[in-house]
Every structure is written in structure tokens, then in C-alpha cells.
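Q:
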Ligand code: GLC
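In the working numbering, the protein residues as written are 85 to 725.
Below, the structure is given as C-alpha cells:
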């Protein structure tokens, strides 16, 4: 669509928007700014745009009318500081509501704890109404407009978002785009034979098409449910179910599905949600002969949804949950025509995987190579850096990257699974294999950061040296997550070094999903002890992490707009990168092993750092014969003194 057709469309909209719409000129200004993004996105996916656009306009007007003054003020503030989420003080905390605080009301009493730690963004795991258990930790949503009964009501949620906003904390909500529960109203109507709603899903009368698709589809949960299709007796049809049998994939080729989600996003945004985690976004478009992930339409649809949000609720941002190969990932932050127009942040799965890989091998060569291959992201977007989350770790290391550093990809992935499941001789890790795929040899891993880093074994064996090293390992890894640039996500309990929790085995609804091993209840007694006793085990972790957070806040070089450039290391256990900020270079140096290492300072001099200062220890570097000695698991954030 060219400029003049945009203008025609804009004029058409102008004439159908009520003249007395409050803040009409503001609404029109945003429409004018983002209509091209919206139309470009929609045109590459949907035919017959006119009726769709008209319905969309009505949805946007209704949401604009509903939006409170307070949220509209936030919209303006965010328009004035569009890089708000890229600032070094942006720290996210990820928690299960019931495990963190019982329910939404309970979260209110924990806000000070979060503030104290330095949190500015809280991701509460799925809290919308799911199907009855099992519901994949809430990722099988039965009603987008209801809060999970045991957690509270929308009134509680609105109250909570208001309180959090006052304290400068943004609330993030999961929005599962790929599927709904088979108990969702749309799925129920489809099962009753309602053609309108059958078209919300991918359904088939026999196995012909499913068998064709299966030829190229991987299995996400091979243990829970082999294959990607499930027979539904009620409708006598095969239903596309990528994840569990009761999670029905939505048909995004249907414009009505797009309109439903546009409406839901704006509705939730008006309840005070500021960040939407677009769950399983990679899977929303299907095409025969492909693996039905990361298809171009995914990005066109995201661009259109993003434009809708920017017109009505510019305060909000999108976070893409695309746990995909490195070369596919960058598209979620926008490539080519979509640059800067899709999600604002995306999980840096590769960084997470490479950290665990290097911790096991004590060699950063593969990590250095893989991260040096990463394309640059648009400067108005940020990576979500993280060490652990609620999901398993899949060993997303490509054969090509492994080969480039002389490693066998399959063998290395196998080594990592063995190392972290605890099977590898001499490993310090205690974890569990998740979803072993006998066909591909793929073995993912569950486990808490602390148990995977050796703390569980240390405590079981009373091994003080391993206890110390495990804590150092964790603090080094957290320093990298906090110092890489992006929006760091802290996973609940990691600030206290919580271990694996085996109580999930006693709950029949959870026992078959060992991801619950790393989703324990928040040990508030430990939290209190950590705060009061900095020399206790949890105190060392908590205060160590808090110190890193505070150092980060006062380090402008960590603004996410600046690209991280990984440098070749002369010494394999040492990982190094530079961030060229207008204030000067920032060099991150990390020792991935339990023995002291050297680092040559000529590299810093070449970067114009002649008097290197480590911001973490708040000291000038001591240089001996042109090298700096790095303690076991040292982490240094260097700038010019
Ligand atoms: C995402 C979630 C994961 C869930 C899956 C299916 O990957 O993080 O926990 O199982 O989506 O909804």
C-alpha cells in the first residue's frame, strides 16, 4: 500500500470516528503514525481487509474510551521515554503468584520485598482462568477475561497493577497466542459443530492432512503426547494440538482470531498490564512442508498487533517467547521491513544455554563463537537475559557452531544432558531429564539454578569448598546475565539460591512434569534470614545479587540500546565482551572455571581503557606484567577509572 492509499484509509477512518471522541486528536495522531505498520502487517496475511479494518477500528475506539486517565498519562510518559525498558535499572522478577504470595492480594504485601531487591518489572506466571488441572502451569487458558479462581478477581488485579505502578513496577502477563484449552468457549462451540468456531482451529476429518504435516513437525512434548494432532470424539475431527492434547492450536489465518486477540490485549492493557509475554509465538502460523515455526506470517501478525497496541495503549510492550534457533530468533525483534515494529524484547535463549554449556566445559570457545555470530538487534529492542526460568533447558547448540570450534554437536549436547542430569562422572550438578526424545536423542533438563550449579550436591555431602564454588559460579553467571545488556529476568528463589524441590512428586497433577522441580514455593523464612544475615548461605547469594543489581543501576553503559560485541579470548575459560557506549567502552570479563586465570590488559588499552576500573568490586585493576589475575569465577565490569 502506498502513501496515498494510507491517506485514503486514514480519511475513511477519520470520517467514521465520532467527532466528540475524548482525546480524539491524540488518537488520530497515533493512528496516522501507526496505520502503515498495521496495514502492512495485515496485508501480507489477510485478504479482504476492509471489513476487518472497520471491526478493528471499533475495537480500538472502544478500548480508547475505556482507558483510564492514569493509564493515558502513562502512555504519554512512555511516548516521551520510549527506551524506558532499556534502562540499566530495568530488572524483572518472574514468579508464580500462588507460590510467591498465595494470591494476587498476597502479592501486595510482597511489593516492598521486590522494591528492596531493585525489581522494576514483575512477571506473574499465568493467572488467567485455565482449564481444570492439568493445565500446563496455566498455559491452557479457558477464559482470558477471568482470573484463576484461587488467585482472585480482576478487581484484585487492577488494584495490584495500580499499587505496582505507583511503586514504579510494571506487571507482565502471559498471553498464550498459539492455543487455548479445549474447555475455552471457542473450543466448546467448535466441538458442538459451530462452523464459525471450528474455523478458529485447525481441524481435519481424517488423517490425510495431519499425516502430511507430521512429516516435517517436531514433537514438543514427546513424553506427554506424541505427535501434533489429537482425535476429538465430540466433533469427530482431528485437532491440531502442538503441545498437550487439551491445548488446541488456534487458526491465525482466520481474521476473527486476530480480532479476538486485539480485543483481549487492549482489554488487559486497560486493566493495567504493561508487558505481554507472547507465549509460544513461534508456532502460530502453519504451512505444509515446513516445521510450522517462525514462518514470515508470525512476524507480520505481530507487527499488526503491535501497531494496534501502539495506537491505543503505547505504554505497553511485547516480549516474545520464541525458544528457537539463533538464526531464527532475531526476527522476533524485527528484521528487514519488520525492524523495530514487532516485539520489544525476546528471550536470549542462546546466551542462557551457552552459560550452562561453558560452566560445564570450563571453556568459553563455543559461547564466544556462537554469540559472535548473532546478528545485531534493532536499537529500540532488548534481549531478555536470564539464567533460569520456569521451563526446562533445551540444548540449543547448533551443529554448525559446534563444528566451527572443533566440537561434535550431538556429542556435546549429550554431554550437557549427562552433566546436568547428574549422570556424568564428577559432575557437580543435580538435575532431571525432561522429555527424552528417543528418535532424536534430545534430552532437555529441569533443575534449579543452584542445584545445577552444584549447591545441592555440596550441601548433601557437607562439601564446604563446593558450596563456596557453587555460590561463586552462580554470582558469576548472574553478573553475566545482568551485565550483558538487555532486560535481565530473575527467576523467583534464585536470589536465595533455592535448591530443587522434590515435593511435586507427591502431587499427582504435577508428578509427570518434572519442570515442577524448579518451581518451588517461595521460602520466606530464608528470604528474611538472607536479608538479616548477609553471611548465611542465602544471605551471600541475596546480597551478592543485590550488589550486582545496584552496580548495574549506576552503570549507564548497560543501556540496552548499546550492542554487545563478544571478543575473541586468548584464554579458553575466560569470556570477554565490549559495549561501546558514548560514555566510553565497557568490558565484561568472566572466568568460567574454578582455577585462577590471567587476562592480558593490552586488550583494554586497545579499547582506550588505560586505567581500568572494576565497577563490581569498586577498585582499580591491579596489573602484573601486563596481565590481570582473575580469581575462580571472577566477574569484572571494567570501565576507564
Ligand atoms: C511456553 C511456556 C511453557 C508451556 C508452553 C506451552 O513455552 O513457557 O511452560 O509449556 O509454552 O504453552
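Beta carbons are placed, not taken as given, at the ideal position from N, Cα and C, and that holds for glycine.
Specify the secondary structure class of residue 423 as computed by DSSP and reduced to three states.
A: Looking at residue 423 - three-state DSSP - the assignment turns out to be coil, as it is neither helix nor strand.
Q: Rounding to the nearest angstrom, what Cα-Cα distance links residue 460 and residue 647 in this structure?
A: 7 Å
Q: Select from 334, 679 and 358 the residue whose C-alpha is nearest the C-alpha of residue 258.
A: 358
Q: Comparing alpha-carbon positions, which option in 170, 208, 196 and 166 lies nearest residue 184?
A: 208
Q: Would DSSP call residue 91 helix, strand or coil?
A: When secondary structure is reduced to three states using DSSP, residue 91 falls in the helix class.
Q: Spell out the partners DSSP gives residue 704 in its beta bridges.
A: 697
Q: Rounding to the nearest angstrom, what Cα-Cα distance links residue 555 and residue 471 in this structure?
A: One Cα belongs to residue 555, the other to residue 471, and the distance between them is close to 14 Å.
Q: Going by Cα to Cα distance, which pick from 533, 663 and 130 is closest to residue 385?
A: 130
Q: Sorted by chain position, which residues of the same chain lie with C-beta nearer than 6 Å to residue 436's C-beta, five sequence neighbours on each side aside?
A: These residues qualify, in order along the chain: 470.
Q: So is residue 582 buried or exposed if we call it buried at 16+ other beta carbons inside 10 Å?
A: buried
Q: Can the beta-carbon of residue 416 be found closer than 8 Å to that of residue 430?
A: yes
Q: DSSP three-state call for residue 233: helix, strand or coil?
A: helix
Q: Excluding the 5 residues preceding and the 5 following residue 237 in the sequence, name in chain order all residues of the same chain whose CB lies nearer than 6 Å to its CB.
A: 231
Q: Whose C-alpha, out of 196, 240 and 211, is nearest the C-alpha of residue 204?
A: 196
Q: Give the DSSP-derived three-state secondary structure of residue 99 in the structure shown.
A: helix
Q: Using DSSP with H/G/I as helix, E/B as strand and the rest coil, what is residue 249?
A: helix
Q: Unbroken beta strand (DSSP E) runs of length 3 or more, entirely within the stretch 416-476: which are they?
A: Whole beta strand (DSSP E) segments, 3+ residues: 429-431 and 466-470.
Q: Use the C-beta contact count for residue 143: other C-beta atoms within 10 angstroms, 16 or more gives buried, fewer gives exposed.
A: buried
Q: With a threshold of 8 Å, are at least 3 pairs of Cβ atoms found where one atom belongs to the stretch 333-349 and the other to the stretch 625-634?
A: Touching, no.
Q: For the putative contact between residue 331 and residue 263, defined by C-beta atoms under 8 Å, what is the C-beta separation to the nearest angstrom?
A: Sure, about 4 Å apart at Cβ, within 8 Å.
Q: My output table needs one value for residue 214: the three-state DSSP class, helix, strand or coil.
A: strand
Q: With a 10 Å radius around its C-beta and 16 neighbouring C-beta atoms as the bar for buried, classify residue 405 as buried or exposed.
A: Buried is the call here.
Q: Taking the alpha-carbon positions, what's the residue 265 to residue 365 distance?
A: 16 Å
Q: What residues in its chain sit with their C-beta under 8 Å from that of residue 513, if we drop five residues either side in the sequence?
A: 444, 503, 504, 505, 506, 531, 535, 536, 537, 538 and 541
Q: Taking the alpha helix (DSSP H) that residue 294 belongs to, which residues open and close that run?
A: 292-298
Q: Could you give the distance in angstroms between the alpha-carbon of residue 623 and the alpha-carbon of residue 126?
A: 52 Å
Q: Output the distance between the C-alpha atoms of residue 311 and residue 284, rounded to the nearest integer angstrom.
A: Answer to the nearest angstrom: the Cα atoms are 21 Å apart.
Q: Can you check the stretch 107-177 for any alpha helix (DSSP H) of at least 4 residues that lies completely inside it and give the ranges in chain order?
A: 108-127, 133-150 and 153-164
Q: Can you tell me the Cα-Cα spacing of residue 171 and residue 639, whole angstroms?
A: 10 Å
Q: To the nearest angstrom, how far is it from the Cα of residue 649 to the Cα of residue 87?
A: 38 Å
Q: Tell me whether residue 713 sits in a helix, a strand or coil according to DSSP, three-state version.
A: strand
Q: How far does the alpha helix (DSSP H) with residue 359 in it reach, from first residue to last?
A: Segment 357-363 is the beta strand (DSSP E) holding residue 359; no alpha helix (DSSP H) there.
Q: Select from 565, 132, 256 and 308 the residue whose C-alpha is nearest the C-alpha of residue 593.
A: 308
Q: Heavy atom of ligand 1 less than 7 Å from the Cβ of residue 220, yes or no?
A: yes
Q: Please name the residue in 299, 305 and 275 whose C-alpha comes closest to that of residue 323.
A: 275
Q: Return yes when the Cβ of residue 192 is within less than 8 Å of the Cβ of residue 211, no when it is not.
A: no
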